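Structure, as structure tokens:
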DNA sequence: TACAAATTTATAATTATTACAAATATATAA
DNA sequence: TTATATATTTGTAATAATTATAAATTTGTA
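Rendered as structure tokens:
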């Protein structure tokens with residue numbers, strides 16, 4: 536399904552800016568910040584405003600099209616994948632990785648709260664697989 | 536154990552400011568922000584600077600005495616309880632609640648990552664028990 | 001008591017995000 | 001097609017949390 540269709544299905548007017556923001560977000564695995572999205576798109580739309588990025592991201596989160604991520608203190612990051620999964624922020628390479636969960640693990644999380652749950656995040660800070668293996672030098 | 540002893544055990548010089556910040560943090564269940572701690576303590580130390588709050592909190596997190604919490608977009612919150620547990624931010628009353636975990640649940644979280652884990656957070660946004668029951672009006 | 005190191009304080013700077021209002025684009029009805 | 005109302009985007013200024021910096025103060029030790 537195209538991102539234009541995705542927007543229409545969520546009753547969001549599919550403007551050029553919104554489509555390109557979603558296109559970018561769905562093409563990367565890096566969980567970019569608002570500023571990273573702006574920097575990536577401004578060559579394509581030189582007139583683009585940062586406000587449009589913020590407006591659009593807030594709208595998309597509100598409507599449940601994407602997820603926001605508070606794994607870093609300062610920046611909010613954004614994730615096109617809204618299925619329940621965890622995130623690892625590697626303290627060596629500073630990248631954010633997806634960690635997928637089994638159904639039973641997702642159920643356990645949903646059962647932690649009695650009332651309605653709107654959003655949950657599992658944010659882990661540690662060493663990613665790649666950096667962990669680099670540390671194991673042969674000798 | 537007193538908070539002064541706690542500081543000494545972590546090789547942190549127990550200044551008046553540091554002791555009072557820890558005393559406040561250990562006496563509340565509200566997971567306060569830096570600014571809330573400042574507002575609570577400034578009547579006791581009128582000369583107190585916000586920088587001391589930030590310096591101290593960063594030091595305490597770095598040394599593993601307390602935990603920082605990124606459950607809200609803007610503010611960092613702080614938690615005296617460093618045992619593994621989840622947090623619920625109630626979207627009605629806007630309070631942060633502790634959700635304690637069973638050992639098997641903690642193990643599951645630790646096994647999500649191969650490499651070393653420095654910190655993990657489970658942040659849930661939803662309705663707390665109190666607000667959930669208020670919603671169930673008798674009729 | 002004197003001196004060096006650590007801590008606190010006060011102010012200015014930084015940075016992510018929001019507020020606001022003007023400009024532009026879009027959709028609808030005549 | 002044209003007029004008009006509505007929604008969106010843009011640009012600038014404002015806000016707010018946090019950090020940088022350097023002077024002042026406190027603390028520990030010789």
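Chains as they are written, first to last, in our numbering: chain E, 536 to 674; chain B, 536 to 674. Where a beta carbon is used, it is the ideal one built from N, C-alpha and C, also for glycine. Given the structure is predicted, the values throughout are model-derived calculations rather than measurements.
Exercise. Three or more C-beta pairs closer than 8 Å, one from the region 549 to 561 of chain B and one from the region 570 to 582 of chain B: is that the case here?
Worked result: Short answer: they touch.
Exercise. Do you know how far the Cα of residue 658 of chain E is from the Cα of residue 657 of chain B?
Worked result: Cα to Cα, the separation comes out at about 6 Å.
Problem set entry | Distance CB(residue 649 of chain B)-CB(residue 664 of chain E) smaller than 7 Å | Closer than 7 Å, so yes.
Problem set entry | Straight-line gap, residue 610 of chain B to residue 596 of chain E (C-alpha atoms, nearest Å) | One Cα belongs to residue 610 of chain B, the other to residue 596 of chain E, and the distance between them is close to 19 Å.
Exercise. So is residue 648 of chain E in contact with chain B if we call contact Cβ pairs under 7 Å?
Worked result: Cβ-Cβ to chain B under 7 Å: yes for residue 648 of chain E.
For this session: Please list the segments of the alpha helix (DSSP H) lying wholly inside the region 555 to 604 of chain B, counting only runs of 4 or more residues, in order along the chain.
Result: Qualifying alpha helix (DSSP H) stretches, in chain order: 569 to 576, 585 to 597.
For this session: Step through the CB atoms of chain B and report whether any lies within less than 7 Å of the CB of residue 558 of chain E.
Result: It does not: the Cβ of residue 558 of chain E has no partner Cβ on chain B nearer than 7 Å.
Problem set entry | Nearest-angstrom beta carbon gap, residue 643 of chain E and residue 620 of chain E [assumed within contact, 8 Å] | Contact flag wrong, Cβ pair sits at about 14 Å.
Exercise. Which whole-angstrom value describes the C-beta separation of residue 541 of chain B and residue 631 of chain B, a residue pair presumed to lie in contact below a C-beta threshold of 8 Å?
Worked result: Not really, about 23 Å apart at Cβ, beyond 8 Å.
Problem set entry | Status (buried if at least 16 other CB within 10 Å, exposed otherwise) for residue 591 of chain E | Residue 591 of chain E should be labelled buried.
For this session: Could you run through the region 596 to 615 of chain E and flag, in chain order, every residue whose CB is less than 8 Å away from some CB of chain B?
Result: Close to chain B, meaning a Cβ-Cβ distance shorter than 8 Å, are the following residues of the region 596 to 615 of chain E: 603, 605, 606, 607, 608, 611.
Exercise. So, using beta-carbon positions, are residue 627 of chain B and residue 653 of chain E closer together than 7 Å?
Worked result: Here residue 627 of chain B is not near residue 653 of chain E, since their CB atoms are 7 Å or more apart.
Exercise. Among the residues of its own chain, which have a CB less than 7 Å from the CB of residue 561 of chain B, if the five just before and after it don't count?
Worked result: Here the set comprises 538, 615.
Problem set entry | CA nearest to the CA of residue 567 of chain B, picked from B:647, B:629, B:646, B:640 | It is B:629 whose Cα lies nearest to the Cα of residue 567 of chain B.
Problem set entry | Where residue 614 of chain B sits in the DSSP three-state scheme | DSSP, read as helix, strand or coil, puts residue 614 of chain B in strand.
Problem set entry | Environment of residue 585 of chain B [buried if 16+ CB atoms lie within 10 Å] | When all chains shown are included, residue 585 of chain B counts as exposed.
Problem set entry | In DSSP terms, what residue 661 of chain E is bridged to | Paired residues: E:625, B:652.
For this session: Figure out for me which residue from E:646, E:645, E:637, E:606 has the closest Cα to the Cα of residue 647 of chain B.
Result: Residue E:637 is the option with its Cα nearest to residue 647 of chain B.
For this session: Rank B:556, B:570, B:594 by C-alpha distance to the C-alpha of residue 545 of chain B and give the top, closest one.
Result: Residue 545 of chain B has its Cα closest to that of B:594, out of B:556, B:570, B:594.
For this session: Less than 8 Å between the CB atoms is what I'm expecting for residue 569 of chain E and residue 543 of chain E, so what's the real figure, rounded?
Result: No, residue 569 of chain E and residue 543 of chain E are not in contact; Cβ-Cβ is about 24 Å, not under 8 Å.
For this session: Apply the 10 Å Cβ neighbour rule to residue 564 of chain B and answer buried if 16 or more other Cβ atoms are within range, or exposed otherwise.
Result: With a 10 Å radius around the Cβ and a threshold of 16 neighbouring Cβ atoms, residue 564 of chain B comes out exposed.
Exercise. By DSSP, does residue 547 of chain E sit in helix, in strand, or in coil?
Worked result: Three-state DSSP puts residue 547 of chain E in coil, outside helix and strand.
For this session: Using a Cβ cut-off of 7 Å (strictly closer), state whether residue 544 of chain B contacts chain E.
Result: The beta carbon of residue 544 of chain B does not come within 7 Å of any beta carbon belonging to chain E, so the residue lies off that interface.
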